[in-house]
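Throughout the sequence shown, residue numbering follows the working numbering, covering 21 to 396 in sequence.
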Amino acid sequence: MSDDKTLREDLAGRLTAGGHLRSPQWRQAVLDTPRHEFLRGGYFRRVDGTGTGPTGWEPVMPGDAAWLPASYTDDSLVTQIAGTIAPADIQGRIFRSPTSSSTLPSLVVRMLEELRLDDGMRVLEIGTGTGYSTALLCHRLGDDLVTSIEIDEDVSTRARAALGATGHIPRLIVGNGLDGDPDGAPYDRIVATCGVLDIPAAWFAQTRPGGQILATVCGWMYSSELARLTVDDGAAHGRLLGGQISFMLARPHLPPPLGMLPDLDDGEEREAVIGADALDHWTARFVAQIAAPRTQRIRIQPPGGETQHVFIDVDAESWAALRLDGAHWTVRQGGPDRVWDRIEEHMAHWQRDGSPDLDRFLITVTPDQQTITWDR
Ligand SMILES: C[S@@+](CC[C@H](N)C(=O)[O-])C[C@H]1O[C@@H](n2cnc3c(N)ncnc32)[C@H](O)[C@@H]1O
21 MSDDKTLRED LAGRLTAGGH LRSPQWRQAV LDTPRHEFLR GGYFRRVDGT
71 GTGPTGWEPV MPGDAAWLPA SYTDDSLVTQ IAGTIAPADI QGRIFRSPTS
121 SSTLPSLVVR MLEELRLDDG MRVLEIGTGT GYSTALLCHR LGDDLVTSIE
171 IDEDVSTRAR AALGATGHIP RLIVGNGLDG DPDGAPYDRI VATCGVLDIP
221 AAWFAQTRPG GQILATVCGW MYSSELARLT VDDGAAHGRL LGGQISFMLA
271 RPHLPPPLGM LPDLDDGEER EAVIGADALD HWTARFVAQI AAPRTQRIRI
321 QPPGGETQHV FIDVDAESWA ALRLDGAHWT VRQGGPDRVW DRIEEHMAHW
371 QRDGSPDLDR FLITVTPDQQ TITWDR
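Right, dumping it as C-alpha cells:
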C-alpha cells in the first residue's frame with residue numbers, strides 16, 4: 021500500500037499534468053499538505069444506485085481501506101450532510117443533500133493559481149470547510165496573512181483541529197462570510213469556496229483598491245461560473261473565467277421554500293419561442309438565470325399527463341409552466357411578472373450575438389447592483 025507521501029506526489033503529478041498546478045510554490049504546498057489530515061472525521065461516499073432515486077451517502081472512516089487513497093483522488097469529498105450530520109454520526113446510508121465538503125484538489129489549486137498571489141498579501145477565505153484550502157494558503161503566505169470564515173461552528177472546529185495537526189494557526193472566524201471580516205480589512209484578496217448569487221458589497225468594501233475577488237457566481241437553476249473581479253473606486257469589475265465551475269451555495273443564498281404551487285391551469289398560454297430543453301445547455305441556463313435571477317425550476321408530472329417544467333419566482337409571485345405539445349413548446353404564465361418572456365428575450369439577444377461561452381462574460385458589481393453581460 022502506498023504511504024501518504026507517495027500519494028501526495030502522485031496527486032501533485034496528476035494536477036501538474038492536467039494543467040491545474042502551474043507554479044512551484046503551489047506544487048510545494050500540495051506536496052507538503054496531507055489532505056487526509058483534513059478528512060480524519062471521515063467522508064461520505066455517494067451510493068445513488070440507479071440514478072432515479074434521491075442520492076444516498078454512506079460514511080467512509082479512517083479505518084476503511086478506501087479512506088487514505090480516496091483522500092488523494094481528484095474528487096470532492098462530502099464531509100457533512102443536511103447541515104449537521106458528520107460521517108461518524110451514522111451507520112448505513114443517508115438520503116439528504118451535502119452541506120460541507122473538501123473541494124476537489126484540481127479546483128482548489130486552480131483557484132489558488134487564479135488568485136495571482138504575491139508574498140506578503142493578506143487573504144480572506146470564505147468557506148473554511150475541512151481547512152485543506154486554508155492550509156495551502158497558510159503554506160504559501162504564512163499563517164498570519166490568512167483569515168478564513170466558516171458559517172458552521174462544528175465544521176470550523178474540525179478544521180481548526182486539522183489545521184493545528186498540520187502545524188497551522190490562521191485566524192479562523194465562525195460567522196456569515198457574506199459579511200466579510202470588517203475587523204481584518206482591507207484584504208488583498210478575497211476567495212470564496214462556496215457559491216454566491218451576487219458578490220456581497222462587504223467584499224469589495226473590504227478589498228484594497230486594485231485587490232481582487234475570486235468567487236463562483238451561481239443561480240437557482242444551477243448553472244454557475246468562477247469570476248475574478250478587481251476592486252476599484254467602490255465597485256468591482258472583471259470577467260467569468262470558464263470551466264463550468266460549481267460550488268455548494270452560501271447558506272444564506274439557498275433558495276427559499278417554494279410555498280404553495282401555482283395552479284397551472286391559471287395564467288395566459290402561448291406557443292413558446294424557446295423551449296425548456298434549451299436550458300439543458302450550461303451557458304444558456306446561465307443566461308436564463310441572468311434574466312430571472314430569483315427563479316427556481318422544478319419538474320412536475322401529473323398522473324397520466326405531460327411533464328411540466330415550472331419556473332417560479334417566489335418573491336415576485338410569478339411563474340411560467342412549459343410543456344411539450346408534439347413538436348412545439350407551450351408556455352403558460354401567471355403573476356405580475358412574465359418570467360418566460362424575460363428569459364426568451366435575454367436568450368434571443370445572446371443567440372443573436374453568436375451564443376458566446378461564459379469565458380466571454382463580463383461582471384460589474386456596485387453597492388446597488390450586479391450586472392453580467394457578454395463581451396460583444
Ligand atoms: C465546498 S465547502 C469548502 C471547501 C473548503 N475550502 C475545503 O477545502 O475543504 C463550502 C463551505 O462553505 C461553508 N459556507 C456556506 N455558506 C457560508 C457562509 N455564508 N459563510 C461562510 N461559510 C459558508 C459551508 O458550511 C461549507 O463548509
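We put the beta carbon where it would ideally sit given N, CA and C, even for glycine.
These figures come from a predicted structure and were not determined experimentally.
Per the DSSP secondary-structure output, His329 pairs in a beta bridge with Arg319 and Leu342. A direct Cα-Cα distance of roughly 48 Å separates Gly279 from Gly187. Relative to ligand 1, the nearest heavy atom lies less than 8 Å away from the CB of Leu198. Set against 8 Å, the gap from the CB of Phe267 to the closest heavy atom of ligand 1 is smaller. Pairwise C-beta distances place the segment 199 to 217 in contact with the segment 135 to 148, as three or more of them are shorter than 8 Å.
Inter-segment contact for the segment 304 to 322 and the segment 230 to 241 is present: three or more beta-carbon pairs are separated by less than 8 Å.
Checking the 8 Å criterion, the Cβ of Glu145 is within range of a heavy atom belonging to ligand 1.
Using a Cβ-Cβ distance cut-off of 8 Å, the segment 120 to 140 and the segment 151 to 167 are in contact, since at least three pairs of beta carbons, one from each stretch, lie closer than that value. Bounds of the beta strand (DSSP E) holding Ala212 are Tyr207 to Ala212.
The straight-line gap separating the alpha-carbon atoms of His40 and His366 is approximately 34 Å.
The beta carbon of Ile310 sits closer than 7 Å to those of His366 and Ile392, all from its chain and outside the five residues before and after it, given in chain order. The C-beta distance from Gly204 to Leu144 rounds to 7 Å, short enough to fall under 8 Å. A Cβ-Cβ distance of about 19 Å is found for the pair His159 and Thr26, leaving them out of contact under the 8 Å criterion. DSSP places Ala179 in the helix class (H, G or I) of the three-state scheme. Within the same chain, and ignoring the five residues on either side of Arg271 in sequence, the residues whose Cβ sits closer than 7 Å to its Cβ are Ile171.
Close CB contacts of Ser91 within its chain, under the 7 Å cut and outside five residues either way in sequence, are with Arg55, His56 and Leu59 (chain order). Taking a C-beta distance under 9 Å as the contact criterion, Leu246 and Ala256 do not qualify as a contact pair. Secondary-structure assignment with DSSP links Asp379 through no beta bridge to anything. By the Cβ neighbour-count rule, His329 is buried, with 16 or more other Cβ atoms within 10 Å of its own.
In chain order, Thr99, Ala106, Pro107, Ala108 and Arg178 place their CB closer than 7 Å to the CB of Gly61, counting only its own chain and leaving out the 5 sequence neighbours on each side. For Gly355, the closest of Met141, Glu288 and Asp23 by C-alpha to C-alpha distance is Glu288. With a minimum length of 4 residues, the unbroken runs of alpha helix (DSSP H) contained wholly in the segment 78 to 135 fall at 87 to 91 and 125 to 134.
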